[in-house]
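Trainee: Chains as they are written, first to last, in this note's numbering: chain A, 778 to 896; chain B, 778 to 896.
Shown below is the structure under consideration.
There are 2 protein chains.
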Amino acid sequence: MLDIREIPVPDGAPEPLPEPDVDDLRLETVLGALSDPLRLEIVQRLLLEREDFDHTCGWFGFDRPKSSLTHHFRALREAGVIRQRQYGLERRSHVRTDDLDARFPGLAALVAAWTPPTD
Amino acid sequence: MLDIREIPVPDGAPEPLPEPDVDDLRLETVLGALSDPLRLEIVQRLLLEREDFDHTCGWFGFDRPKSSLTHHFRALREAGVIRQRQYGLERRSHVRTDDLDARFPGLAALVAAWTPPTD
DNA sequence: CTCCTTGTACGAATTTTTTCGAACTTAACA
DNA sequence: TGTTAAGTTCGAAAAAATTCGTACAAGGAG
C-alpha cells in the first residue's frame with residue numbers, strides 16, 4: 778500500500794486548486810477569512826503542527842459536517858491564506874506562508890500566537 | 778470662539794466612550810472589524826494623517842449617511858481598534874496604537890501599509 | 001429662545017455569511 | 001465488482017452584518 782506521505786512536494790505533487798496570485802491578495806479579504814474562530818484555528822494548527830506533509834480536512838478532528846468544513850477551507854483558499862492539493866481522495870492543505878509574509882509581514886506570526894477563546 | 782484643538786489631551790479630556798480593556802481584545806474580533814474596506818480606510822487615515830488632535834466622524838468626508846458611519850465607528854470602538862471621546866457635539870476618534878501593538882504587534886503597521894482597492 | 005450642527009437610536013429592508021442535510025463523485029482496495 | 005472513505009455540490013434555512021431613513025438629543029452661536 779502506498780503511503781501518501783512518500784510523495785515528494787513539490788516534485789510530482791498535484792497542481793494546487795485554483796487560488797489567487799500573490800499579487801492579488803487583498804488585506805481586507807485575508808482579514809475577513811481569518812476573522813472566524815474555526816478558520817483561525819485551522820490556520821494556527823497548520824502553522825504550529827506543520828509536519829512533513831500537509832494535513833487533510835479530517836486531520837483536525839472538527840465535530841462539524843463535512844459540507845461545513847468544505848465551506849471554511851474554501852474560504853481560506855479563495856482568500857489566498859492556504860493552498861490545497863488533491864491527492865487521490867484526500868485534499869491536503871498548508872498555509873501560504875511565503876506569500877503571506879511577502880504581502881502582509883507579521884500577520885502569520887499573529888495567527889500563530891493567537892489564544893483561542895476559553896469558554 | 779473656542780478652538781476644540783486647544784483642549785489638551787489627556788488633561789481635561791472627556792472620558793473615552795465604553796471600550797474593551799486591552800486584555801480583552803480578541804484577534805478574531807479585531808480582524809473582523811478591519812475586514813471592511815470602509816473601516817480599514819478609517820483606521821488607515823487615522824494612522825497616517827494623525828494630527829495634533831483626533832478626528833471627527835465628518836473629517837473623513839465619506840459620502841454615506843450619518844447613521845451608517847455611526848455603525849462603522851462603533852464597530853471599530855467595540856472591537857477595541859479605536860478610542861472615541863465626546864467633545865461637545867463632536868465625537869473624536871483615534872487608533873489605540875499602544876494597545877494594538879501590545880497585543881497584536883505589527884497589525885497596525887499592516888493597516889498603515891494597506892493599498893485600497895482601485896476599482 | 002431659536003436655529004444649526006454633530007451625531008445617536010431605532011427599526012426595517014437588504015445583503016452576506018454560516019450551517020448543514022442530502023445526493024453525488026471519485027479513488028482505493030479487498 | 002462492489003464497498004468504503006474523503007470530500008464536493010446544491011439548495012435552503014437560519015443567523016449575522018450592512019445600509020439607511022426617520023426621529024431624536026444636545027451643544028454652540030446668534
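For every residue, glycine included, the Cβ atom is placed at its ideal position computed from N, Cα and C.
In this structure, does DSSP put A:Arg816 in helix, strand or coil?
Mentor: helix
Trainee: Cα separation between A:Val858 and B:Ala856?
Mentor: 23 Å
Trainee: Go ahead and label A:Leu804 buried or exposed: buried means 16 or more other beta carbons lie within 10 angstroms of its beta carbon, across all protein chains shown.
Mentor: buried
Trainee: Check distances from the C-beta atoms of the segment 824-852 of chain A to those of chain B and list, in chain order, the residues that come in under 7 Å.
Mentor: Result list empty, no residue passes.
Trainee: How is B:Thr847 classed by DSSP in three states: helix, strand or coil?
Mentor: helix
Trainee: Taking A:Ala889 as the reference, which of A:Val872, A:Asp801, A:Gly835 has the closest Cα?
Mentor: Nearest to A:Ala889 by alpha-carbon distance, out of A:Val872, A:Asp801, A:Gly835, is A:Val872.
Trainee: Just the chain B side, please: which residues come within less than 7 Å of A:Gly809 by C-beta, in chain order?
Mentor: Ser812
Trainee: Is B:Leu887 close to chain A, meaning its C-beta is less than 8 Å from at least one C-beta of that chain?
Mentor: yes
Trainee: What number of angstroms, rounded off, separates the C-alpha of B:Arg860 from the C-alpha of B:Leu887?
Mentor: One C-alpha to the other measures close to 19 Å.
Trainee: Hey, could you find the ends of the beta strand (DSSP E) A:Arg880 is sitting in?
Mentor: Careful: A:Arg880 lies outside any beta strand (DSSP E), inside the alpha helix (DSSP H) at 874-880.
Trainee: If we cut at 8 Å on Cβ distances, does A:Glu900 have a partner in chain B?
Mentor: Residue 900 of chain A falls outside the range modelled here, since chain A spans only 778 to 896, and no answer is possible.
Trainee: Sort A:Gly883, A:Leu823, A:Arg862 by Cα distance to A:Ala790 and report the nearest one.
Mentor: A:Arg862
Trainee: What residues of chain A sit near B:Gly865, judged by a beta carbon separation below 7 Å?
Mentor: Near B:Gly865 there are no residues of chain A at all, since even the closest Cβ is about 34 Å away, more than 7 Å.
Trainee: With 16 as the cutoff for other CB atoms within 10 Å, does A:Ser844 come out buried or exposed?
Mentor: exposed
Trainee: Quick check: the Cα distance between A:Asp829 and A:Arg868, rounded to an integer number of angstroms?
Mentor: One C-alpha to the other measures close to 16 Å.
Trainee: CA-CA distance, B:Thr874 and B:Phe881?
Mentor: 10 Å
Trainee: Looking only at C-alpha atoms, which of A:Pro793, A:Phe850, A:Gly838, A:Leu794 sits nearest to A:Val807?
Mentor: A:Phe850 is the residue among A:Pro793, A:Phe850, A:Gly838, A:Leu794 whose C-alpha sits nearest the C-alpha of A:Val807.
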